[in-house]
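Student: What follows is a structure written as structure tokens; I'll ask about it next.
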DNA sequence: GAAAAGGTGACAATTAACGGCACCTTTTAA
DNA sequence: TTAAAAGGTGCCGTTAATTGTCACCTTTTC
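Residue numbers (the working numbering), protein chains in the order written: chain A, 1 to 308; chain B, 309 to 616.
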């Protein structure tokens, strides 16, 4: 077997192993120790990340379990990937901060020179003036891993000690948020990631919720009608505005030609709601409740008051 | 270069071409005709589908014009790609509408079963409540290609016939926009993609701008101070709001502890500016000009008036 | 029918690949 | 403390793959 083919076979051979040593290669491929070592060097040059340990209990381990197969992308798909990666780079802060540039580089290296030009050209042609996260979010990765491991995080949130069981991470309006149940405060809530401090992952505790219970809490939270219901009249542009700047726990309700925005608020979300309604300008009119109408009018008056 | 590496390079080199001949390989890789033929045989053995034509106008053609890439991604990078692809799917409408799902599928198929689980889990954990484009944008692809080909598009824009030379496509506030110079109206502007009708690509015309001229026009447009300058006082939350909802052609100016938002507007952008300022709520106060102050106050009064 | 493209076979020259060996470093178990 | 077991390096002769050249073939097109 020639070297190039053997290397491919070795990749497959190794892909399902976490650990191996020279003997494995020597026996499986009928090669000398010297060649096995040379092959390992070649594989590393191909990008395989290996960690070697010397000593009696030594051996090799795959640092990353890698994606090893060939993938066929047509030119449209290549363009699409680069488009996506560029969009992600604009976002600046994601759980995968460092990865996007590396991916772009690896992919770009594997393109023909002329196609590289195409990619760079289309990167220049399209751009995202999107909402980059303003605050620093050092815990995005930790939070995501906590969700995946179904573990807990202990942190300070607005000065309060919380023990959170997070279940979803999401991006909205330039902020990273996560939905979590607080085992200390016994409440489900959406937390802003940038308002966490001293965040650490923590092993499970006895009173941790099961996944089903957690989803149940989230459902209760999202369909919480214990708050005050509201009803807001939208014109056509108002509907459009809502669709472009959608908030959870609000729905459009159509009654013939007329459209209402409905939902409910709690004291905790009251201020947010007023800020949000301001962005509708003339395209929304609060119908009920009176409390919301009054506060909204007061807010408008306060803004006007700045100029008197 | 060794054969095995050369074959990989040749794959990359050929992936871009629909047709090629032996000369191309010989020249590009500095090999003899005999070796080029042997390489082609090797590539076919690797699975590349080629069709050969003898005779004076002969050559080779790729039967499947796919890009053959073999890339090693670590688990972080795989997760990052899926993250990016999911974000793009949320966006619903991009120049690459159909591609993202296909890419996800192809990649997913190439992962070990255990890793597929991980990917699906992290897809469930993270999500983008982002601003999907509301309007249908059938011309995104055409516009992007027009930019890349440096060609023109003829279309109807708000009932007006325009002949546009577009130079950049971008996404902002749930809308796809593109920057273009109108050869009929002789003006540079940002156009909303969803407001185009009967859009067709068109070959160049004599009075088309050079790329440099186009960039110049864009620069003039962006730094257009012919409009009315404004000056708006921002508190801390106002600054944050600006950074999260940034508009082009506006800057923050710091004077000691005090921060102003400055820029300029034209009659065409006046209404947009007022809508935008509304979103600042109490966190912004217009200093100058008086015209803007008055109109803003009138807008507030009009909203208040809905309730009387 | 000549030119230009792809294609084959043979052979000598080159060079990459290989195994073997001596010897080094690190770790660990006796 | 020492020996064994693991990875690691340098050197060298042998072997086998790779390459270029050359002569000659087939097909297509001008």
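We put the CB at the ideal spot given by N, CA and C, even for glycine.
Is there contact between the stretch 241 to 258 of chain A and the stretch 196 to 211 of chain A, where contact requires at least three CB pairs shorter than 8 Å?
Tutor: The stretch 241 to 258 of chain A vs the stretch 196 to 211 of chain A: no contact.
Student: Taking only beta-carbon positions, decide if residue 299 of chain A is within less than 8 Å of chain B.
Tutor: Here residue 299 of chain A refers to the residue found at position 299 when the first chain is read from its first residue. At least one chain B Cβ lies under 8 Å of residue 299 of chain A.
Student: For a test of the three-state rule: what should DSSP assign to residue 31 of chain A, helix, strand or coil?
Tutor: By 1-based counting over the first chain, the position of residue 31 of chain A is 31. Residue 31 of chain A: coil per DSSP, three-state reduction.
Student: Look at the Cβ atom of residue 665 of chain B, then the Cβ atom of residue 550 of chain B, and state whether they are nearer than 8 Å.
Tutor: Only positions 309 to 616 of chain B appear in the structure, and residue 665 of chain B is not among them; the question remains open.
Student: Please confirm if residue 473 of chain B has its CB atom under 8 Å from at least one CB of chain A.
Tutor: Here residue 473 of chain B is taken as the residue at index 165 of the second chain, counted from 1. With 8 Å as the cut-off, residue 473 of chain B does not count as an interface residue toward chain A.
Student: Could you list which residues in chain A have their beta carbon closer than 7 Å to that of residue 324 of chain B, in chain order?
Tutor: Along the second chain, one-based indexing puts residue 324 of chain B at 16. Those within 7 Å of residue 324 of chain B in chain A are 112, 114 and 115.
Student: Between the alpha carbons of residue 507 of chain B and residue 486 of chain B, how many angstroms are there, rounded?
Tutor: Here residue 507 of chain B is taken as the residue at index 199 of the second chain, counted from 1. Here residue 486 of chain B is taken as the residue at index 178 of the second chain, counted from 1. Whole-angstrom Cα-Cα distance: 13 Å.
Student: Is residue 512 of chain B close to chain A? Criterion is C-beta to C-beta, closer than 8 Å.
Tutor: Here residue 512 of chain B refers to the residue found at position 204 of the second chain. Chain A contact via Cβ: absent.
Student: Which residue wins for smallest C-alpha separation from residue 452 of chain B, given the options B:475, B:431 and B:466?
Tutor: Counted from its first residue, the second chain places residue 452 of chain B at position 144. Among B:475, B:431 and B:466, the Cα nearest to that of residue 452 of chain B belongs to B:475.
Student: With a 10 Å radius around its C-beta and 16 neighbouring C-beta atoms as the bar for buried, classify residue 364 of chain B as buried or exposed.
Tutor: The residue given as residue 364 of chain B occupies position 56 in the second chain. Exposed, since its Cβ has fewer than 16 Cβ neighbours within 10 Å.
Student: Run the CB neighbour count on residue 576 of chain B, radius 10 Å, all protein chains shown included, and call it buried at 16 or more, exposed below.
Tutor: To locate residue 576 of chain B, count along the second chain from 1; it is residue 268. That one is exposed.
Student: Going by the CB atoms, is the gap between residue 120 of chain A and residue 176 of chain A shorter than 8 Å?
Tutor: For the purposes of this step, residue 176 of chain A is identified with residue 176 of the first chain, where counting begins at 1. For the purposes of this step, residue 120 of chain A is identified with residue 120 of the first chain, where counting begins at 1. Cβ atoms of residue 176 of chain A and residue 120 of chain A: not closer than 8 Å.
Student: For residue 386 of chain B, tell me which candidate among B:478, B:461 and B:426 has the shortest Cα-Cα distance.
Tutor: Walking along the second chain from the start, residue 386 of chain B turns up at place 78. Cα-wise, what sits closest to residue 386 of chain B is B:426.
Student: How far does the beta strand (DSSP E) with residue 495 of chain B in it extend, from its first residue to its last?
Tutor: What you label residue 495 of chain B is simply residue 187 of the second chain in a count that begins at 1. First-last of the beta strand (DSSP E) with residue 495 of chain B: 495 to 500.
Student: Output needed for residue 20 of chain A: all residues of its chain with C-beta closer than 7 Å, excluding positions within five of it in sequence on either side, in chain order.
Tutor: Numbered from 1 along the first chain, position 20 holds the residue referred to as residue 20 of chain A. Only 14, 59 and 60 meet the Cβ criterion.
Student: Residue 138 of chain A touches chain B at which residues, Cβ-Cβ below 8 Å?
Tutor: Residue 138 of chain A sits at position 138 when you count from the first residue of the first chain. Neighbours of residue 138 of chain A on chain B: none; closest Cβ ~17 Å, over 8 Å.
Student: Can you pull the chain B neighbours of residue 226 of chain A, defined as C-beta to C-beta under 9 Å?
Tutor: Residue mapping note: residue 226 of chain A aligns to position 226 of the first chain, counting from 1. Those do not exist, as residue 226 of chain A stays about 23 Å from chain B at its closest Cβ, beyond 9 Å.
Student: Can a CB atom of chain B be found closer than 8 Å to the CB of residue 88 of chain A?
Tutor: What you label residue 88 of chain A is simply residue 88 of the first chain in a count that begins at 1. It does; some Cβ of chain B falls within 8 Å.
Student: Could you spell out the range, first to last residue, of the alpha helix (DSSP H) harbouring residue 119 of chain A?
Tutor: By 1-based counting over the first chain, the position of residue 119 of chain A is 119. Residue 119 of chain A -> alpha helix (DSSP H) spans 113 to 125.
Student: What is the DSSP secondary structure of residue 367 of chain B, counted as helix, strand or coil?
Tutor: Here residue 367 of chain B refers to the residue found at position 59 when the second chain is read from its first residue. DSSP places residue 367 of chain B in strand when its eight states are reduced to three.
Student: Go ahead and label residue 266 of chain A buried or exposed: buried means 16 or more other beta carbons lie within 10 angstroms of its beta carbon, across all protein chains shown.
Tutor: Here the question's residue 266 of chain A lines up with position 266 in the first chain. The residue in question, residue 266 of chain A, is exposed, as its Cβ has fewer than 16 Cβ neighbours within 10 Å.
Student: Please report the straight-line C-alpha distance between residue 346 of chain B and residue 314 of chain B, rounded to a whole angstrom.
Tutor: Position 38 of the second chain, counted from the first residue, corresponds to residue 346 of chain B. Position 6 of the second chain, counted from the first residue, corresponds to residue 314 of chain B. C-alpha separation (whole angstroms): 12 Å.
Student: Does residue 488 of chain B have its Cβ less than 8 Å from a Cβ in chain A?
Tutor: Position 180 of the second chain holds residue 488 of chain B. False, the Cβ-Cβ gap to chain A never drops below 8 Å.
Student: Name the two residues that bound the continuous alpha helix (DSSP H) containing residue 526 of chain B.
Tutor: Against the second chain, residue 526 of chain B aligns to sequence position 218. Unbroken alpha helix (DSSP H) run through residue 526 of chain B: 519 to 530.
Student: Per DSSP, what kind of secondary structure is residue 589 of chain B in: helix, strand or coil?
Tutor: Start at 1 with the first residue of the second chain, and residue 589 of chain B comes out as number 281. Residue state, collapsed to three classes: helix.
Student: Against chain A, with Cβ distances strictly below 8 Å, would residue 587 of chain B count as a contact?
Tutor: Against the second chain, residue 587 of chain B aligns to sequence position 279. True, the Cβ-Cβ gap to chain A drops below 8 Å.
Student: Just tell me which of A:281, A:76, A:308 and A:51 has its CA closest to the CA of residue 313 of chain A.
Tutor: Nothing in the structure corresponds to residue 313 of chain A, since chain A is present only between 1 and 308.
Student: Could you run through the stretch 249 to 281 of chain A and flag, in chain order, every residue whose CB is less than 7 Å away from some CB of chain B?
Tutor: Under the 7 Å Cβ criterion, the stretch 249 to 281 of chain A contributes 275, 278, 279 and 281.
Student: Could you tell me which residues DSSP puts in a beta bridge with residue 464 of chain B?
Tutor: The residue you call residue 464 of chain B lines up with position 156 of the second chain. Bridge partners of residue 464 of chain B: B:469 and B:505.
Student: Under 9 Å between beta-carbons, which chain A residues line up against residue 371 of chain B? List them in chain order, please.
Tutor: As a working note, residue 371 of chain B is residue 63 in the second chain. Residues of chain A passing the Cβ test: none, with the nearest at roughly 13 Å.
Student: Which class does residue 549 of chain B belong to by DSSP, given the choice of helix, strand or coil?
Tutor: Here residue 549 of chain B refers to the residue found at position 241 of the second chain. Three-state result, residue 549 of chain B: helix.
Student: Take residue 223 of chain A as the anchor and find which of A:262, A:112, A:185 and A:191 has the nearest alpha-carbon.
Tutor: Within the first chain, the letter at position 223 stands for residue 223 of chain A. Nearest C-alpha to residue 223 of chain A: A:262.
Student: Mind listing the chain A neighbours of residue 384 of chain B? Cutoff is C-beta to C-beta under 7 Å, in chain order.
Tutor: Within the second chain, the letter at position 76 stands for residue 384 of chain B. By Cβ distance, chain A contributes 96 and 99.
Student: What residues in the stretch 451 to 471 of chain B have a beta carbon less than 7 Å from any beta carbon of chain A?
Tutor: Within the stretch 451 to 471 of chain B, the qualifying residues are 452, 455 and 456.
Student: Determine the extent of the alpha helix (DSSP H) in which residue 254 of chain A is found, giving its start and end residues.
Tutor: As a working mapping, residue 254 of chain A is identified with position 254 in the first chain. Per DSSP, residue 254 of chain A belongs to no alpha helix (DSSP H); it is in the beta strand (DSSP E), 250 to 255.
Student: Got a sec: is the Cβ-Cβ distance from residue 413 of chain B to anything in chain A below 8 Å?
Tutor: Residue 413 of chain B sits at position 105 when you count from the first residue of the second chain. Chain A, which has no Cβ nearer than 8 Å to the Cβ of residue 413 of chain B, makes this no.
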